[in-house]
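This note's numbering applies: residue 78 is where the sequence shown begins, and numbers increase by one.
Even for Gly, the Cβ is constructed at its ideal location relative to N, Cα and C.
Given the structure is predicted, the values throughout are model-derived calculations rather than measurements.
Presented below is the structure to which this report refers.
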Amino acid sequence: MDINHQIIISLLIIITIQTALHIITILKLKWGQVVQGGLEIGDKIPNVDFNNVDGDIKGIYDNVLGNKNTLVFFDLDCKECNKVFSSLDVFNISYLSEIKLVLIKTEKNFKYMSNSVYKDRALFIDEDIIINKFNIDVFPFAMRVDESGKVEENSHITKENLINYIT
78 MDINHQIIIS
88 LLIIITIQTA
98 LHIITILKLK
108 WGQVVQGGLE
118 IGDKIPNVDF
128 NNVDGDIKGI
138 YDNVLGNKNT
148 LVFFDLDCKE
158 CNKVFSSLDV
168 FNISYLSEIK
178 LVLIKTEKNF
188 KYMSNSVYKD
198 RALFIDEDII
208 INKFNIDVFP
218 FAMRVDESGK
228 VEENSHITKE
238 NLINYIT
């Protein structure tokens with residue numbers, strides 16, 4: 078076999094492997110895990126109980142209704158959540174007046190938030206309630222609600238799109 082035939086066969090093998098990898102990647106993305114995307118736009122948030130940093134139990138409607146708010150769902154065991162959470166420090170605290178930090182009710186989250194400048198904005202809710210009632214299974218997640226508690230917008234939140242929920 079001369080060199081030209083070897084080059085042609087090598088190129089055909091490379092093209093076949095590349096095509097197979099592209100097909101596998103497309104199929105993997107197509108059949109990937111479905112991520113829940115929060116409540117539907119226009120749905121009212123459920124009136125669930127939450128704990129504040131002091132351990133007091135309140136209803137979420139008492140804390141959210143009457144003003145536009147953005148609920149940002151966090152779990153401080155999540156690396157991406159920590160990145161977004163630390164990004165809040167860049168902003169003047171007065172810009173965060175409409176932000177409510179909804180955290181999974183864990184001892185670690187309680188301890189961390191009790192020493193945080195955001196402790197007045199922290200709402201601690203059981204993970205099952207966040208997953209089942211708010212239809213969220215991936216953190217961090219943001220949900221903007223109007224004065225009556227209806228969802229106006231929701232999406233997964235990153236350091237890059239955090240500014241969209243603050244302004």
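Taking ARG221 as the centre and dropping the five residues before and after it, the same chain places the C-beta of THR147, GLU229, GLU230 closer than 6 Å to its C-beta, in chain order.
Taken atom to atom, the span from the alpha-carbon of PRO123 to that of LEU180 is near 16 Å. The continuous stretches of beta strand (DSSP E) do not include LEU142, and DSSP gives it neither H nor E. One alpha carbon belongs to LEU116, the other to GLU237, and they sit about 22 Å apart.
Beta-bridge partners of LYS135 (DSSP): PHE127. When C-alpha distances from LEU165 are compared across ILE86, ILE84, GLU184, ILE243, the shortest belongs to ILE243.
Only residues of its own chain outside the window of five on either side were considered, and among them PHE150, VAL179, ILE181, ILE213 have a CB closer than 8 Å to the CB of ILE207, listed in chain order.
Remark: fewer than three beta-carbon pairs, one from each stretch, lie closer than 8 Å, so the stretch 87 to 99 and the stretch 166 to 177 are not flagged as touching. Nearest in C-alpha terms to ILE234, of all of PHE218, ILE84, ILE240, is PHE218. Where SER164 is concerned, the enclosing alpha helix (DSSP H) starts and stops at 156 to 164. Rounded to the nearest whole angstrom, the C-alpha separation of ILE86 and ILE101 is 23 Å.
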